[in-house]
Amino acid sequence: MSHLNLEDGANDVYLEDNYAYVADSDNGLTIVDVSNPIEPKVVGHYFTGWAESVYIKDNYAYAANYLNGLVILDVSNSENPTLVADMLWLSLYGISGN
C-alpha cells in the first residue's frame, strides 16, 4: 500500500484499468497510474476548475465541476487529456442538447 500527495484534496476517485481518475478539488482532474500500487504516479492532468466528482465511460471523463457544471474530457491519451465540452460555455452561448 502507498500514499500519493496531490495538489488539493481528492473529492472523488474513479478506477478504470490501471488508472485512478481523481477529482482533485481546485486542481481539476488528475490521472494517476496505479499499475504498481507501491508506486502510484501522476501521469496526466487537466485544469477543470473545482472538480467535485468524476465518471469514466468509453475514454471520456465526465467531471462535475463546482463552477463550470459538467466538463467532458477525452482521456484516451491519459498523459494528455483534452477538452471535449464545457457545459458552462455551451449554456452561455445558448447551445443545448435538445
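Heads up, the sequence shown stops at 1010 in our numbering, and the numbers go up one at a time, no gaps.
Beta carbons: idealized from backbone N, C-alpha and C, even for Gly.
Since the model is a prediction, treat every value here as computed from it, not as a measurement.
Contact belief for residue i with residue j at Cβ below 8 Å, rounded distance in angstroms
i, j, result
"residue 976", "residue 991", "The pair is not a contact, with the Cβ atoms about 23 Å apart (cut-off 8 Å)."
Residues near residue i by beta carbon distance below 6 Å, same chain, minus five either side
i, result
"residue 993", "956, 958, 985, 987"
"residue 915", "none"
"residue 921", "937"
Residue i versus residue j - alpha carbon distance
i, j, result
"residue 925", "residue 932", "6 Å"
"residue 948", "residue 954", "12 Å"
"residue 998", "residue 930", "26 Å"
"residue 981", "residue 996", "14 Å"
"residue 900", "residue 951", "Since the first and last residues shown for the chain are 913 and 1010, residue 900 lies out of range."
"residue 928", "residue 944", "10 Å"
"residue 972", "residue 989", "10 Å"
"residue 923", "residue 969", "19 Å"
7 Å CB neighbourhood of residue i in its chain, flanking five on each side removed
i, result
"residue 978", "961, 962, 964"
"residue 918", "934, 936, 939, 942"
"residue 946", "930, 931, 932, 952"
Contact under 9 Å by Cβ, residue i with residue j
i, j, result
"residue 983", "residue 934", "no"
Suppose only complete runs of 3+ residues qualify. What are the beta strand (DSSP E) ranges in the region 916-957, listed by chain order? 924-928, 931-935, 941-945
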